[in-house]
Amino acid sequence: MHAHRPRTPATERTRRWFMNRSLLLGGAAAVATMTGCSAGASDTSGSASGGAQSGMPSGGPGGAGGMGPGVTEVKYADFTGVTTDGTVVDDLFSIHSTGVSTDAVVQAAQAFLDGLSTKVRRASVFDVDDDEWLAWSNVDGYEREGARMGDLTEKQRNLGYALLGAALSADGLAQTRNIMKLNAFLGDYNGGGKETLTEGHYYFTFMGTPSTTKPWGFQYEGHHVAINYFVLGDQVVMSPTFMGSEPTSATYNGEKITLFKPETKAGLALLRSLTSAQRRKVVSADEKGGTDMVAGAGQDNLKLAYQGLAAKEFTSAQRQKLLDLVGVYVGYMDDGHAAVKLKEVEEHLDDTYFFWIGETEDSSAFYYRVHSPVVLIEYDAQSPLAYGENAQMGGGGAPSGRPSGMPSGQPTGMPSGGPGGGGMGMGGTPTQQHIHTIIRTPNGGDYGVDLLKLHLETDH
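Counting from 391, one number per residue, gives the positions in the sequence shown under this note's numbering.
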């Protein structure tokens, strides 16, 4: 058993009752708690139509999991992963050599851990099958575990960034860092969340011990980013990985930052390559909601039926555009393992579905989904929450009034978008200035769970 700070009943209350506490606050007041936008903090540094079958009302508690750790939090021992009907498809994954070395990420992880104080290291390391894997969220308002970047020395932080640099591609590292920067921009913009809306409120936790032969992994988590990175030999699983931002374009410390253009353009490029008959199968009749993401935090055992059109009905050119789209998301992991993952996706391309909600102009706010037995991708342009003219939060983090526009099935008295929806789209007109994305590995692949099971069955 690895040494780390034990979870006390009070800690479990903080994490598991986070959603219920937020709901009791109601309306925009809940938003302040959930996003860390409430004033007074000290300065220390939807539902997609017809698809979700989680047993919760559309937009309701855990409806799409943007709220994370809450009443829908799944224990590791109960994990099955995203499925279409509750039944895991067998024999999708296997233990094999990829031919892509993991030496660099193992060395970087060990260097980071060695650079931590004994106390922080003890609080940051868990067993490889710990529930901590599943206890992530893309929003603030609960107590995270691990090594907080804002509390580390510059040398220690640089070792953390070196680990991210080894695990991610250049684009992936830039995306992660820019999300952190725009998180700090948001804190400056609305005047609230002086602890959480910063570049420092991001945490590393480790499951198992870095090794080139034994299973281990790490999690990097904070507002609008959660990277789960599992390693077994030279195999890597980097899912679920959540990336989002509000705003998606701004100038921070003199640097112009724009996020999610590749995701936006690649989605539109695929949609526009379809014929009128194909589009009628892909584009939902439903209107774009404030939040439509269904597979966010807390939705590890989501039942999600395929929707849209399968790529077996695509032309060769359309299939390539689908692979290009998947490649944007997969391409945030290191180049070698990204190629391995993309090949895995290509092997199931005939059974890969493309689904869309919303308009199709360059500036439109829309939702799309790519879904196959081995990959689930969601892109969701959501309602403004704390940035822009229609934002629900005023300056200083003060709520600007009760949000309106509840999605269908929303229980009375709950904030629009609910605790879920990939993160609290709270009414108002959706915009590309607030985007959430996620990539998952269905059928037990998230967090490397299926690989770990195979490893324990064959090697122990």
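Ideal Cβ positions, reconstructed from N, Cα and C, are used throughout, including at glycine.
C-beta atoms of Glu535 and Tyr593 nearer than 8 Å
Yes. Within cutoff.
DSSP three-state call for Gly787: helix, strand or coil?
Note that Gly787 scores 33 on pLDDT, short of 50, meaning its location in the model is unreliable; the coordinates nonetheless yield the value given after this. Three-state DSSP puts Gly787 in a helix.
How about the stretch 472 to 485 and the stretch 715 to 722: do they share at least three Cβ pairs that are nearer than 8 Å?
Judged by pairs of C-beta atoms under 8 Å, the stretch 472 to 485 does not touch the stretch 715 to 722, as fewer than three such pairs exist.
Measure from the alpha carbon of Thr851 to the alpha carbon of each residue in Leu732, Thr821, Leu699, then state which is nearest.
Residue 851 is absent from the model: the chain starts at 391 and stops at 850.
How about Thr831 and Val627: are their beta carbons less than 8 Å apart?
Cβ atoms of Thr831 and Val627: closer than 8 Å.
Please work out which residues of its chain come closer than 6 Å, Cβ to Cβ, to Gly726, disregarding the five sequence neighbours upstream and downstream, and give them in chain order.
Only Val490 meet the Cβ criterion.
Alpha carbon to alpha carbon, how far is Ala560 from Lys651? Give it in angstroms, no decimals.
Looking at the two C-alpha atoms, the distance is approximately 16 Å.
Which runs of the beta strand (DSSP E) at least 3 residues long sit entirely within the stretch 681 to 766? Give them in chain order.
Runs of the beta strand (DSSP E) spanning 3 or more residues and lying entirely within the stretch 681 to 766 occur at 743 to 748, 756 to 761, in chain order.
Check whether the Cβ atoms of Leu553 and Glu463 sit closer than 8 Å, and answer yes or no.
The beta carbons of Leu553 and Glu463 sit no closer together than 8 Å.
Just mark Gly688 as buried or exposed, buried being the case when its beta carbon has 16 or more other beta carbons within 10 Å.
Around the C-beta of Gly688, 16 or more other C-beta atoms lie within 10 Å, and the residue is accordingly described as buried.
Quick one: what does DSSP say His845 is sitting in, helix, strand or coil?
Reduced to three states, the DSSP call for His845 is helix.
Should Asn343 go down as buried or exposed, given a rule of 16 or more other Cβ atoms within 10 Å for buried?
In the structure displayed, the chain extends from 391 to 850; residue 343 sits before or after that span and is not available.
Per DSSP, what kind of secondary structure is Gly590 in: helix, strand or coil?
The answer is coil: DSSP assigns Gly590 none of H, G, I, E or B.
Span of the beta strand (DSSP E) around Thr631
Counting along the chain, Thr631 sits inside the beta strand (DSSP E) bounded by residues 631 to 635.
Straight-line Cα distance separating Ile647 from Pro809
Summary for Pro809: the model assigns pLDDT 33, below 50, so the residue's position carries little reliability; its value from the coordinates is reported in the next sentence. Between Pro809 and Ile647, the C-alpha separation is close to 29 Å.
Ile828 - partner residues in DSSP beta bridges
The partner list for Ile828 (beta bridge, DSSP) reads Phe632, Glu768.
Closest residue to Val672 among Asn691, Gly679, Phe704, Asp690 (Cα-Cα distance)
Looking at the Cα atoms, Phe704 is the closest of the given residues.
If I measure Cβ to Cβ from Arg411 and keep anything under 6 Å in the same chain, skipping five residues before and after, which residues do I get?
Reliability of the predicted coordinates at Arg411 is poor, the pLDDT of 41 falling under 50, and no value is obtained from them.
Taking the alpha-carbon positions, what's the Tyr743 to Pro774 distance?
Roughly 29 Å between the two C-alpha positions.
Give the straight-line distance between the Cα atoms of Arg538 and Gly577, rounded to the nearest whole angstrom.
Distance from the CA of Arg538 to the CA of Gly577, rounded to the nearest whole angstrom, comes to 18 Å.
Using CA coordinates, which residue listed in Thr602, His614, Glu544 is at the minimum distance from Arg567?
With distances taken between Cα atoms, Arg567 lies closest to His614.
Contact belief for Asp682 with Tyr757 at Cβ below 8 Å, rounded distance in angstroms
Correct: roughly 4 Å between the Cβ atoms.
What do you reckon, are the CB atoms on Pro820 and Ala771 nearer than 8 Å?
Their beta carbons are under 8 Å apart, which means Pro820 touches Ala771 by this criterion.
Residues in its own chain within less than 6 Å of Thr838 by CB, not counting five upstream and five downstream?
Reading off the sequence shown, one finds Gly at residue 838, where the question assumed Thr. These residues qualify, in order along the chain: Phe620, Val627.
Looking at Leu558 and Tyr722, is the spacing between their C-beta atoms short of 8 Å?
Going by C-beta atoms, Tyr722 is nearer than 8 Å to Leu558.
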